[in-house]
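Q: For the numbering used here, add 352 to where a residue sits in the sequence shown, where the first one is 1. Cβ coordinates follow ideal geometry from the N, Cα and C atoms, glycine included. Given the structure is predicted, the values throughout are model-derived calculations rather than measurements. The following block contains the structure, expressed as structure tokens.
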Amino acid sequence: MSAYYDLYETPSPKGKDGKKSLHARVCPIKTYTQEEFIKHVAAFQLLPKNQIAGALTAIIDDLCDLLADGYTVEMGDLGFFSTSLKCLQETDDENDKIRAESVTFQNVHLRVSSKFRKRIKHAMKFERVHSLTRKQKKITSTVEERKKRLVSFLKIDICITRKEYIRLTGLTPYEAMKELNDFISQGVLRRRGVAGLWYMLRGKI
Numbered sequence: 353m354s355a356y357y358d359l360y361e362t363p364s365p366k367g368k369d370g371k372k373s374l375h376a377r378v379c380p381i382k383t384y385t386q387e388e389f390i391k392h393v394a395a396f397q398l399l400p401k402n403q404i405a406g407a408l409t410a411i412i413d414d415l416c417d418l419l420a421d422g423y424t425v426e427m428g429d430l431g432f433f434s435t436s437l438k439c440l441q442e443t444d445d446e447n448d449k450i451r452a453e454s455v456t457f458q459n460v461h462l463r464v465s466s467k468f469r470k471r472i473k474h475a476m477k478f479e480r481v482h483s484l485t486r487k488q489k490k491i492t493s494t495v496e497e498r499k500k501r502l503v504s505f506l507k508i509d510i511c512i513t514r515k516e517y518i519r520l521t522g523l524t525p526y527e528a529m530k531e532l533n534d535f536i537s538q539g540v541l542r543r544r545g546v547a548g549l550w551y552m553l554r555g556k557i
């Protein structure tokens with residue numbers, strides 16, 4: 353399975369004009385809840401769900417207690433958990449007395465191990481999509497123009513997938529699916545095989 357990504361424009365520092373650059377960003381398919389994560393681990397590791405849930409709860413509870421006591425905790429290949437603090441009042445004098453009441457918790461940090469990063473890097477495959485959260489470029493082509501592009505595509509490749517149609521037309525996933533379904537209703541296209549695979553009916557365009 354691939355990790356989906358899209359390209360976003362990188363803001364210029366301090367509003368400076370110049371050549372635009374793009375950066376890649378992962379487009380998450382979904383967020384796993386704790387329950388879904390436990391089911392996933394149980395299915396792939398062949399372990400009872402109640403044991404995984406109990407162990408996870410115990411780990412989180414102990415981790416919280418140790419971090420609250422000021423410890424840094426190593427979590428196997430995952431990395432190191434630690435905490436950071438902040439002062440509620442500013443001072444530039446190291447001899448100035450700042451009482452405990454003026455120091456507060458700020459955040460929890462995870463310093464991921466190099467081994468964990470390498471495992472993800474080795475396993476990660478990429479596929480570009482058009483993110484639903486990113487503002488899409490205005491589409492200026494008409495349905496008929498896009499239909500002609502589809503015909504040209506299908507003269508070379510018998511089948512076209514939804515993702516290929518998105519790349520061909522610049523439509524969003526929702527718009528592409530709706531338009532392909534419209535072509536099916538018109539008798540132009542017909543579904544073939546698994547969902548998302550299409551081919552052109554002879555003599556309909």
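(1) Can you tell me the Cα-Cα spacing of T362 and S373, whole angstroms?
(2) Mapping the DSSP letters down to three states, classify T456 as helix, strand or coil.
(3) Determine the extent of the alpha helix (DSSP H) in which E531 is found, giving its start and end residues.
(4) Ignore the nearest five residues each way along the sequence and tell me which others in F535's own chain have a CB closer than 7 Å to its CB.
(5) Are the CB atoms of V393 and G431 within a distance shorter than 9 Å?
(6) Do you know offhand how far K530's Cα is from A475's?
(7) Indicate the three-state DSSP secondary structure (helix, strand or coil) for I381 in the structure shown.
(8) Determine the extent of the alpha helix (DSSP H) in which L520 is found, giving its start and end residues.
(9) N459 and S436 - do their beta-carbons sit closer together than 9 Å?
(10) For K556, count neighbouring Cβ atoms within 10 angstroms of its own Cβ and tell me buried if that reaches 16, exposed if not.
(11) Taking its Cβ as the centre, do 16 or more other Cβ atoms sit within 10 Å of R498, making it buried, or is it exposed?
(12) Tell me D413's beta-bridge partners as DSSP assigns them.
A: So, to answer that:
(1) Along the sequence shown, read from residue 1 onward, the residue named residue 362 stands at position 10. Along the sequence shown, read from residue 1 onward, the residue named residue 373 stands at position 21. Looking at the two C-alpha atoms, the distance is approximately 6 Å.
(2) Position 104 of the sequence shown holds residue 456. Correct three-state label for T456: strand.
(3) Translated into the one-based positions of the sequence shown, residue 531 becomes position 179. From DSSP, the alpha helix (DSSP H) with E531 extends over P525 to S537.
(4) Here residue 535 refers to the residue found at position 183 of the sequence shown. L541.
(5) Here residue 431 refers to the residue found at position 79 of the sequence shown. Here residue 393 refers to the residue found at position 41 of the sequence shown. It is not a contact, given that the beta carbons lie outside the stated cut-off.
(6) Your numbering for residue 530 matches position 178 in the sequence shown. Your numbering for residue 475 matches position 123 in the sequence shown. Approximately 34 Å between the Cα atoms of the pair.
(7) To locate residue 381, count along the sequence shown from 1; it is residue 29. DSSP places I381 in coil when its eight states are reduced to three.
(8) Taking the sequence shown and counting its residues from 1, the one referred to as residue 520 is at position 168. Per DSSP, L520 belongs to the alpha helix (DSSP H) from R514 to T521.
(9) Looking up residue 436 in the sequence shown gives position 84. Looking up residue 459 in the sequence shown gives position 107. One thing to note: S436 has its Cβ within 9 Å of the Cβ of N459.
(10) Residue numbering aside, residue 556 sits at position 204 when the sequence shown is read from its first letter. Low per-residue confidence applies at K556: pLDDT is 49, beneath 50, and the placement is therefore not dependable, though the value from the model is reported in the following sentence. When all chains shown are included, K556 counts as exposed.
(11) By one-based count along the sequence shown, residue 498 stands at place 146. With 16 or more other Cβ atoms within 10 Å, it is buried.
(12) Mapped onto the sequence shown, residue 413 falls at position 61. Answer is none; D413 lacks a bridge partner.
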